[in-house]
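From first to last, the protein sequence lines are chains E and Y.
The first sequence begins at 1 in this note's numbering and counts up one residue at a time.
The second sequence begins at 1001 in this note's numbering and counts up one residue at a time.
All residues carry an ideal CB built from backbone N, CA and C; glycine is no exception.
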Amino acid sequence: MRRRIIALASAALLLAGCPSSEAPLELTAEGYPLGSLETFPGLALIPNIDDDNVDGEPDWSEAGRAAEDDDRSVFVLPATAWESVKANKGEWLRLDLGGDAGNIRITQEDVLILGEAEGPNLTSYNLTETDVDQVFEVEADQPLTITTATLYHLDEDGEVLASFTLWMTTGSMLLNHHLQQTEHVWVMDLSFGGGSYNNRHMVETYEDVLGEQFTAFSAQTYFGDVWIQDEVQFGWYGAKDQRIDVVIDSVRDRGLDNWPENNFDAIPGDGFVGGPDAIIGTWGRPQVANSLDSFGNLEVSPPLGDAYPFGRAYWGGDDNYHPAVEMTDHLADQLIQAPFRVDTSWLCVGHVDEFVSFVPDPSAPRGFRFVYSDASAAWEVLEGADNVELPKYRQSYGIDTIEEFVNDDAVRYFNEDLTEDVLDPILDRFIDKFDLTAEEIIPMPSLFEEPGGCGGTDAALIPGMANMIVANRGDRTDIFLADPFMRDSANSDIGQDEDPMIAFIEDTYPSGIDWHFVDNWSVYHLGLGEVHCGTNMTRTPNEEWWLTAGHLIEDEVLN
Amino acid sequence: MRTTLLTLLALLSALPALAQDHADVADVLLIAWDLEEADYPSARRQLVLDEAIDDGLLADLAESHLDVRVRTQAAIVLGWRHDAELFSAVWTARPVNDRRDVRQRFVDDVFADPDAQPAVVERILHGTDASLARAGLAMSMIRIGDDWGERILAVLSDSDDGKVREMAAWSFRHAAPESAFAGLSLGLRDTLPDVRAEAARSLGFRVDGEELAEDLVLALQDTDPAVRAASARSLGYLHVVAAAGALTAAIGDAGPDVRLNALRSLDRVDPTLSKALPGLDRLAQDPDPKVARVAERIRLR
């Protein structure tokens, strides 16, 4: 495709240099800045692959326009374009389609004039003179379909007097990041019964803070699988005033396997997984799935300035142990979020969300701080804390007091080694990939251990607080994270104001954040996950990729 | 060696004539302990119902017999007689899957009851659970509290399941010294390298781990590089000064993780010696970046 696009671009440049008539010749679209349609990526399209009329077929595949179909972009030929044409007998206007004509359709008053058709694709259309603006609707099939619509003003001999080329590009799938507004939050509810294995405190905290923006599903219905972050990843396709949510359904296929279909498939079994404005997609094969195919192992940074206005995606693994290639290739093909890999082979679960995150901070150079697990910060907090009993750590780790923590050579050496071998090199990689400055990095006190059954790989010893949920609503930011229980209390409702880890975070992290330290010990922490692993959410897209991210596509497809 | 159920039943039928002899009852309990999964339930049922074996004798055996297997089996029989609800709860509990599917856990509150220990051991050795669940049962022992170490030792000694033995070796990080040393010594000699490596790692996390320092030094010669690397690391964690020579030799190991841990541990044991290491410049160019990084840090110190 690349060669064809280069030819297309060259032709457009040549025509732009042709002598033009005195009358303005242009195509317009509402909301696009002057000149933006004539340059790549031009008019943004959305792949029309949802099922707005809920008939079990993707809307693109239907003959004619599906009822309720709202996934089309619009451009206009202003009536003024005809003024100079009318003045000279025999002159006329023609619209030519260039590029990937098989994955696009242009209609006028619901009549197909250009693009994919039964038989040969339609690539040229003689326009009919009119006194009113002519409106053209465009729908596309595939992400990153790149086409042009060139309007020609021709004389009676067919010589080009003037031209105007409109670029059209279908957006790629984008994943959400931590600075976007929160729409809805989900957790699996294990708060039934009277046993100590429950997430009652976490569920109640979410309910109290988020209200109707929170739903807890019965974990019993899903075979006790609480790891909802791992089951689905939310993304979206966008164009002006259009949005299709992409629910990426992991190949992990554990208890929550049917959760995406139960909640985002309009008519289960109708042959189409999805519904109006949403599709469910899966990349990879369940038969060969591993822990890294879970979506705690797929995260996205906030916008990184002009270079990466939608952030960069990142996932964990190494050359021998990694997520499904089908998934990572698909992510790479989306271009805009330029994904990269970091080494997570040292972790038992192996997910990137176990040791790194982002928090919003309007006072930061790029509006965020990069949260990174830091053993030195943990020791600093512990060494400065009063020596108290630690009932939670006694029960689970045989560590009775803060003093015992501080004096535990093995835990200290273990974390020193981990920092030198793994955490520091990975931090260097993040610094490089995100172009981070020192002031953008904020440490999260963290210590790791080797849990049983993991063959010498690692997991959080102090509940992993970097594994957090950031909920933005308006100007308000609520962050939900694990109660570290670094105090003489086994109850999250008691003693948080005396916890030195909590004090460190509240004192050193950006102001204006409402912190919620929830008891995730029994269900999540001891199960090798934390709050983020047990939560998922949808977020609102808040940037227009066609205005800010075209260079990330252009670099790849036009050069 | 396994004994058949028929032998056990024959011994049980003779028990009244044995006049409640401790040794004979202990023999019967040991036979039951060794039975295969299919035979065990009926044997245990017989023992629980057999009035010829009275509670006092079983309590004596559970408390003070020299063989942990006898002590545990006696406690199992007593438990089923007097705390059947608790024991049933242990046997019917279902595991939950951890975030990674290499681990399962038992989270019911009965697993926090010290009286449940014998039932957990019984289910590990005689239940029909898959390997991960058995390992999860072994892991649940450390949550139970009290002196569970000897029970885990019994499991380590008698389980055919490598995952269970690996988990048992890990759990000795938190056990009382006597059973921990016995268990870790056993673990270092296990036929499976994963168990040996876990035992070597566990020793490094015990404040009293130096007790088995000689075993760790010997393990530096293990055929498996993961065991050698774990042993090298633990010798450093434990500051075993006497291991400096062996660690110096291990720095020349073909395995990069062995070189890494040996160099680092030598530096912890004797920083002067590591700084003066003749091959330090070469190690700073080691093909393994972790080894090279540590060597460079020492070199520049």
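{"Query": "Please list, in chain order, the residues of the segment 219-244 of chain E that have any C-beta partner in chain Y closer than 9 Å.", "Result": "223, 224, 225, 226, 227, 230"}
{"Query": "In terms of residues, what are the limits of the alpha helix (DSSP H) holding residue 87 (chain E)?", "Result": "83-87"}
{"Query": "According to a CB-to-CB cut-off of less than 7 Å, which residues of the segment 1148-1171 of chain Y neighbour chain E?", "Result": "1167, 1170, 1171"}
{"Query": "Can residue 1108 (chain Y) and residue 1089 (chain Y) be called in contact, C-beta distance under 8 Å?", "Result": "yes"}
{"Query": "Does the distance from the C-beta atom of residue 122 (chain E) to that of residue 148 (chain E) stay below 8 Å?", "Result": "no"}
{"Query": "Determine the DSSP secondary structure at residue 389 (chain E), reduced to helix, strand or coil.", "Result": "strand"}
{"Query": "In the DSSP output, what is residue 136 (chain E) paired with across the bridge?", "Result": "E:75"}
{"Query": "Tell me whether residue 1103 (chain Y) sits in a helix, a strand or coil according to DSSP, three-state version.", "Result": "coil"}
{"Query": "Please look up how many angstroms separate the CB atoms of residue 501 (chain E) and residue 484 (chain E), rounded, as I've assumed it's under 8 Å.", "Result": "4 Å"}
{"Query": "Out of curiosity, what's the CA-to-CA distance linking residue 434 (chain E) and residue 304 (chain E)?", "Result": "7 Å"}
{"Query": "Answer yes or no: do residue 115 (chain E) and residue 104 (chain E) have a C-beta to C-beta separation smaller than 8 Å?", "Result": "yes"}
{"Query": "Excluding the 5 residues preceding and the 5 following residue 271 (chain E) in the sequence, name in chain order all residues of the same chain whose CB lies nearer than 8 Å to its CB.", "Result": "56, 57"}
{"Query": "Restricting to Cα atoms, I'd like to know which of Y:1298, Y:1290, Y:1057, Y:1171 is closest to residue 423 (chain E).", "Result": "Y:1290"}
{"Query": "So which of E:191, E:96, E:420 has the shortest CA-CA distance to residue 1293 (chain Y)?", "Result": "E:420"}
{"Query": "List the DSSP bridge partners of residue 201 (chain E).", "Result": "Partner(s): none; residue 201 (chain E) has no beta bridge."}
{"Query": "Checking 8 Å against the spacing of the C-beta atoms, do residue 369 (chain E) and residue 442 (chain E) come in under that value?", "Result": "yes"}
{"Query": "Show which residues of chain Y have a CB atom less than 8 Å away from the CB atom of residue 197 (chain E).", "Result": "1096, 1107, 1108, 1109"}
{"Query": "Looking at residue 345 (chain E): is its Cβ nearer than 8 Å to the Cβ of residue 321 (chain E)?", "Result": "yes"}
{"Query": "Measuring straight from C-alpha to C-alpha, what distance separates residue 273 (chain E) and residue 246 (chain E)?", "Result": "11 Å"}
{"Query": "Under the three-state reduction of DSSP, which class applies to residue 524 (chain E): helix, strand or coil?", "Result": "coil"}
{"Query": "Please list, in chain order, the chain Y residues whose beta carbon lies closer than 9 Å to that of residue 522 (chain E).", "Result": "1107"}
{"Query": "For residue 242 (chain E), which beta-bridge partners are listed by DSSP?", "Result": "E:239"}
{"Query": "List, in chain order, every chain E residue whose beta-carbon is nearer than 7 Å to that of residue 1204 (chain Y).", "Result": "410"}
{"Query": "Given this structure, state the Cα-to-Cα distance separating residue 21 (chain E) from residue 161 (chain E), to the nearest angstrom.", "Result": "Note that residue 21 (chain E) scores 45 on pLDDT, short of 50, meaning its location in the model is unreliable and no value can be drawn from it."}
{"Query": "Comparing the C-beta of residue 421 (chain E) with each C-beta of chain Y, is any distance below 8 Å?", "Result": "yes"}
{"Query": "Within the segment 215-292 of chain E, note down every full alpha helix (DSSP H) run reaching 4 residues or more, in order along the chain.", "Result": "228-231, 259-264"}
{"Query": "In whole angstroms, what separates the C-alpha of residue 587 (chain E) from that of residue 1275 (chain Y)?", "Result": "Absent from the structure is residue 587 (chain E), since the part of chain E shown begins at 1 and ends at 559."}
{"Query": "Per DSSP, what are the beta-bridge partners of residue 346 (chain E) in this structure?", "Result": "Bridge partners of residue 346 (chain E): none, in fact."}
{"Query": "Examine chain Y for any beta-carbon lying closer than 8 Å to the beta-carbon of residue 349 (chain E), and answer yes or no.", "Result": "yes"}
{"Query": "Alpha carbon to alpha carbon, how far is residue 1002 (chain Y) from residue 282 (chain E)?", "Result": "Any reading at residue 1002 (chain Y) needs caution, since the residue's pLDDT is 45, under 50, leaving its predicted position unreliable; the model's value is listed next. Cα to Cα, the separation comes out at about 50 Å."}
{"Query": "Please say whether residue 1080 (chain Y) and residue 957 (chain Y) have beta carbons closer to each other than 8 Å?", "Result": "Nothing about residue 957 (chain Y) can be reported from this structure: the residues present for chain Y run from 1001 to 1301 only."}
{"Query": "Give me whichever residues DSSP pairs with residue 176 (chain E) in a beta bridge.", "Result": "Paired residues: none, contrary to the question."}
{"Query": "Does the structure place the segment 73-87 of chain E close enough to the segment 24-35 of chain E that three or more beta carbon pairs sit under 8 Å?", "Result": "yes"}
{"Query": "On the criterion of 16 or more Cβ atoms from any shown chain inside 10 Å, does residue 462 (chain E) qualify as buried, or is it exposed?", "Result": "buried"}
{"Query": "Just confirm the distance between the C-beta atoms of residue 1230 (chain Y) and residue 1201 (chain Y), as a whole number of angstroms; I'd bet it's less than 8 Å.", "Result": "5 Å"}
{"Query": "Can you tell me whether residue 365 (chain E) is buried or exposed, with buried defined as 16 or more other CB within 10 angstroms of its CB?", "Result": "exposed"}
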